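**Q**
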Amino acid sequence: MDRLRDANLTTFYIVSRAEKASLKEASRTSNELKELGMSNQRLYINGVFKAIEKQDPLAVKIEEMPYKP
């Protein structure tokens, strides 16, 4: 457990969708890890699309689509 608590050795990556329920679960998980002394955490939001090539009309159209959870 000491290695898991050592921020120089371990980082916890919590991945969540951009949805209220998923973000609540990520928050709960983060808090539980903190209670165990594991506070070196990063949150990644999955399922967000950004067009890299702005000249690609399909990619731009997908980026502009409203998010519907």
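Residue numbers (the numbering used here): 222 to 290.
A virtual CB, placed ideally from N, CA and C, is assigned to each residue, including glycine.
Because the structure is a prediction, the values reported are computed rather than measured.
Report the rounded CA-to-CA distance for residue 245 versus residue 265, giving the unit in angstroms.
**A** Computed Cα separation, rounded: 14 Å.
**Q** Beta-carbon within less than 6 Å of residue 283's beta-carbon, same chain only, minus the 5 sequence neighbours each way: which residues are those?
**A** Excluding positions up to five away in sequence, the list reads 270.
**Q** So, is residue 260 buried or exposed, given that buried needs 16 or more other C-beta atoms within 10 angstroms?
**A** So residue 260 counts as exposed.
**Q** Does DSSP put residue 260 in a helix, a strand or coil?
**A** Reduced to three states, the DSSP call for residue 260 is coil.
**Q** For the beta strand (DSSP E) containing residue 235, name the first residue and the last one.
**A** It spans 233-238 - the beta strand (DSSP E) in which residue 235 sits, taken as one unbroken run.
**Q** What are the start and end residues of the alpha helix (DSSP H) that includes residue 285?
**A** Segment 278-285, the alpha helix (DSSP H) holding residue 285.
**Q** Terminal residues of the continuous alpha helix (DSSP H) containing residue 223?
**A** Start and end: 223-226.
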